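Its first residue numbered 24, the sequence shown is counted upward by one per residue in my numbering.
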Amino acid sequence: MFWTVGEGILLPMPDMAVHEMASDERKGAYFGLSEVRQPGFFLGPLAGGFLLDAGTASAQAGPRAPEMTA
24 MFWTVGEGIL
34 LPMPDMAVHE
44 MASDERKGAY
54 FGLSEVRQPG
64 FFLGPLAGGF
74 LLDAGTASAQ
84 AGPRAPEMTA
């Protein structure tokens, strides 16, 4: 319970700080840069974009459903 309350209080704080300190023209860049602190949010889209650009079949098609035979 305490962990959840702590997350609810602390997780939005960096985003609020970026919103208040960054100029309107640079907010997008600063919000993007602030996500580097969370590797999954930073590396996931980067790796997904690379796979899509590389044209891998698994990244474009996803898992295939088994064929039904009667």
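Built from N, CA and C at the ideal position, the CB exists for glycine as well.
As the structure is a computational prediction, the values presented were derived from the model and not from experiment.
For a cut-off of 8 Å, the C-beta gap from Pro-37 to Ser-57 is around 6 Å, short enough to register as a contact.
In the three-state reduction of the DSSP assignment, Gly-67 falls in the helix class. Note on geometry: alpha-carbon atoms of Val-28 and Pro-68 lie some 28 Å from one another. Residue range 50–57 is occupied by the alpha helix (DSSP H) that includes Gly-55.
Per DSSP, the continuous alpha helix (DSSP H) segment holding Pro-37 begins and ends at 36–44.
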